[in-house]
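Q: After the C-alpha cells below, expect a handful of questions from me.
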C-alpha cells in the first residue's frame, strides 16, 4: 500500500496551495548498461502517456558520466519531466560506475515546469536508494511504493483553481506570475527562483540582451557542460522575467499569439532537432555541441562558462552569439556586448536590490555557480567599476563617436559643471530605473522584486508604443476625408461616373508616400521613455521588431544626434 505521507503522492484536495504537489502522470527508473547505454529498467504511466523511447534520452543529457549527481528538467508533449541522476562509483561495475536516474512526468498546466521541483528531494532520495540495488535485474528491482500504479493519476480539474488574476490597476502593481513565489513565501531547495540572483550575477548587463531577445520570441539556446541543473534554472528564470503581463494584452494586436511569450523547453538533445526546427519562440539548454553548429535551429546561442571558470582570476561572462551561417564552421572569440545604457541600468538594479531581503529557502543546498569571486556578493558595483575596465570592455560596447561628442558638448556647454557626465537625460534615466524597482509592499523579496522590475520595464515599452500607434490611428481617421480629395501623388486613374457617364481622373499616392504613411516614427525622446539607449543600433532594431511583432507596424527609429544652435553636427 502506498505511503500516505509520501511527498510523491498526488494532491486530490479541494484547495491548491502554492507548494501542493502536482499530480504524477508517469514515473520511471533509468539505468546505464555498458552495452546498450541508458535503458528504462522500470516505469509506470497513466493511459496515453509515452515513456519508452523518449524519457531515457531527454532525462539523461550527454556528459552526465563526468558528474556525481544532477537534476534535469525537460518537456515531453503536454508534460514536464524532472529526473534525479546519481553516478555512484562501483568497483564491481564496468567503468567503475553505477549510473541511474529516477524521474516523473507532471502536467504542464501547473506552470512552466509543472512545479516538478516539489518532487526533487524525494526523487534524489529514491535515486540514492536504488543505486544500492544495482546488482539486481530490472525484474528483481523493487518498485518504490510511492510510484505504484495506484498513485499515478492527475488531480481533477477544479473550476477557478487556475483562473486568471484580475488585471493590473497600474504599472507598479504588476503581477510576478502565478508560478513564481510571492511576498515572503519560503522556497523549496530546488525551486529555480533560488538561482535568480545568481543568474543576474553570472550575466551582468548581458541579462538585458537576453530579456529583449526573449520578448521578441527569439529561439534561444544555452550550451553548457554537465551538470545541467543551473542551465535549466536559467531557462526558467529567463522565461519568467520576459513573460508578457496579462494586463498589457489589451494594448497590443494579435495578443493570442505574440503575447503568449517564449516557451521554456529546458534540456534538449539531438533527438529534439525536428521539434526545434518547427517551433518558434522557445528557450532551451543542451550539452550537445552539435546543436550549436546548426544555426538554422536558433536565433541566439549562449555559451555558459564551465565550472573551472569559478577559479579563474578574471571573471568570465557567458558568450552570446546571433545566428549566422558562419557559425557552421567556427565560433568567434567574443560575443555581442551590452549597451552603455544597460551597464548603468544593471548597476542601478543591483544597488537597489540591496534593500530587499532574499527569499527564505528551506534547508538550502548550495549549487556551484561558474563565476569568479569579486569581493562580497553585495559589491556588485565592482563588476563594471573603473578598476575592472578590462572586464567592462569585454561585456559592454564602447560609446559611439556621436555619444562621446554629445557628452563632450554638454560638458563644454555647462562650463565643466557636470564633471560626473550626467546630463538631465541621464538623471531622468536614473530616476526611471529607481521607479522600476520601487514597491509599496514591505514584504517583497529580492526575487520577487527582480521579476516585478522586468515586468514594469516591459510595460514601459508597451505603453509608449501603444500610445504612438493609437495617436497615428486617430490622426489617420481624422484625415481620411481629406485624403480622398487631396492631391498626394503624381499617378492617376480614370473612373467613370455611374450617373453622368463622365470620366474623372483621380490622383494616386506614390508608393514611397504610402510606405511613409504606414510607418510609426520613434523619436529619441520616445526611446528614452522606454528606458532604451538612443545611441545603440541594437536597441533601435529591437524597437522596430517589437512594433512589428506586437502591432504589425513598421517603425522608423530616429537615433541620437548632436546639434549646436539648431544645426545638426552628428
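Residue numbers (our numbering): 45 to 614.
Cβ atoms here follow ideal geometry from the backbone N, Cα and C, with glycine treated the same way.
I'd like to confirm the pairing. Which residues does DSSP put opposite residue 566 in its beta bridges?
A: Per DSSP, 601.
Q: Taking the alpha carbon of residue 253 as the point to measure from, which residue in 107, 602, 585 and 595 has its own alpha carbon closest?
A: Considering only alpha carbons, the answer is 585.
Q: Under 8 Å by Cβ, that's how I've got residue 125 and residue 159 pegged, so tell me the actual separation to the nearest angstrom.
A: With a Cβ gap of about 13 Å, residue 125 and residue 159 do not count as contacting.
Q: Per DSSP, what are the beta-bridge partners of residue 120 in this structure?
A: 123, per the DSSP bridge assignment.
Q: For residue 78 and residue 233, what's the separation of their Cα atoms in angstroms?
A: Distance between the alpha carbons of residue 78 and residue 233 is about 33 Å.
Q: Residues in its own chain within less than 8 Å of residue 378 by CB, not counting five upstream and five downstream?
A: Only 363 and 438 meet the Cβ criterion.
Q: Let me check understanding here. Comparing Cα to Cα, which of 171, 250, 312 and 67 lies closest to residue 75?
A: Selected option, being the one with the closest Cα: 171.
Q: Can you check which of these residues, 256, 271 and 502, is closest to residue 108 by C-alpha distance?
A: Among 256, 271 and 502, the Cα nearest to that of residue 108 belongs to 271.
Q: Closer than 7 Å by C-beta to residue 280: which residues in its own chain qualify, once you throw out the five before and the five after it? Chain order, please.
A: If we look at residue 280 and ignore the five residues flanking it on each side, its Cβ neighbours are 156, 157, 236 and 308.
Q: Taking residue 165 as part of the alpha helix (DSSP H), name the residues at either end of that continuous run.
A: That run of the alpha helix (DSSP H) goes 164-174.
Q: In terms of DSSP beta bridges, what is residue 327 paired with?
A: 264 and 308, per the DSSP bridge assignment.
Q: Under three-state DSSP, which class holds residue 368?
A: Residue 368 falls in the coil class under three-state DSSP.
Q: Taking residue 81 as part of the alpha helix (DSSP H), name the residues at either end of that continuous run.
A: Per DSSP, residue 81 belongs to no alpha helix (DSSP H); it is in the beta strand (DSSP E), 81-89.
Q: For the segment 331-345 and the segment 243-263, state whether three or more C-beta atom pairs, one from each stretch, are separated by less than 8 Å.
A: Yes, since at least three Cβ pairs between the segment 331-345 and the segment 243-263 fall closer than 8 Å, the two stretches touch.
Q: So is residue 359 buried or exposed if we call it buried at 16+ other beta carbons inside 10 Å?
A: That one is buried.
Q: Determine the DSSP secondary structure at residue 102, reduced to helix, strand or coil.
A: In this structure, residue 102 counts as helix in the three-state DSSP scheme.
Q: Leaving out five residues on either side along the sequence, give the residues of the same chain with a beta carbon under 7 Å from the beta carbon of residue 339.
A: Answer for residue 339: 367, 368, 369, 371 and 372, listed in chain order.
Q: Using the Cα positions of residue 597 and residue 387, report the straight-line distance between them to the nearest angstrom.
A: Their Cα atoms are separated by approximately 29 Å.
Q: Report the option in 150, 67 and 477 whose CA atom is closest to the CA atom of residue 396.
A: Taking only the C-alpha atoms, the option nearest residue 396 is 477.
Q: Per the DSSP calculation, residue 131 is bridged to which residue(s)?
A: According to DSSP, residue 131 bridges with 143.
Q: Could you tell me the alpha carbon to alpha carbon distance between residue 482 and residue 173, rounded to whole angstroms?
A: Looking at the two C-alpha atoms, the distance is approximately 47 Å.
Q: What is the C-beta distance between residue 576 and residue 497, in whole angstroms, given that I count them as a contact (C-beta under 8 Å)?
A: Contact flag wrong, Cβ pair sits at about 15 Å.
Q: Which residue or residues does DSSP assign as beta-bridge partners of residue 75?
A: In DSSP, residue 75 forms a bridge with 83 and 144.
Q: For residue 113, I'd like the list of residues in its chain whose CB is within less than 7 Å of its CB, leaving aside the five on either flank, ordered along the chain.
A: Here the set comprises 129, 130 and 131.
Q: Helix, strand or coil: how does DSSP classify residue 236 here?
A: Three-state DSSP puts residue 236 in a helix.
Q: Taking the straight line between their C-alpha atoms, what separation do you get for residue 405 and residue 147?
A: Distance between the alpha carbons of residue 405 and residue 147 is about 23 Å.
Q: Within the continuous alpha helix (DSSP H) that includes residue 347, where are the two ends?
A: First-last for residue 347: 344-347, but that is the beta strand (DSSP E), not the alpha helix (DSSP H).
Q: One question on the structure: do residue 150 and residue 120 come within less than 8 Å of each other, judged by their Cβ atoms?
A: No, the Cβ-Cβ distance between residue 150 and residue 120 is not below 8 Å.
Q: Kindly identify the DSSP beta-bridge partner or partners of residue 70.
A: Looking at the DSSP assignment, residue 70 forms a beta bridge with 89 and 149.
Q: Inspect the beta-carbon positions of residue 440 and residue 133 and report whether they are closer than 8 Å.
A: No, the Cβ-Cβ distance between residue 440 and residue 133 is not below 8 Å.
Q: Using a Cβ-Cβ cutoff of less than 8 Å, which residues in the same chain neighbour residue 283 once the five nearest sequence positions on both sides are dropped?
A: These residues qualify, in order along the chain: 156, 258, 305, 306, 307, 308 and 327.
Q: So the candidates are 582, 71, 595 and 285; which of them puts its Cα closest to the Cα of residue 601?
A: The candidate whose alpha carbon is nearest that of residue 601 is 582.
Q: Less than 6 Å between C-beta atoms, sequence neighbours within five positions excluded: which residues of the same chain meet that for residue 216?
A: For residue 216, the predicted model reports a pLDDT of 37, less than 50, meaning its position is unreliable and no value from the coordinates is stated.
Q: Which residues bound the alpha helix (DSSP H) around residue 281?
A: 273-285 is the span of the alpha helix (DSSP H), which, as asked, contains residue 281.
Q: Enumerate in chain order the residues of its own chain whose CB-to-CB distance from residue 334 is below 7 Å, with the five nearest sequence positions on each side excluded.
A: Cβ within range, chain order: 314.
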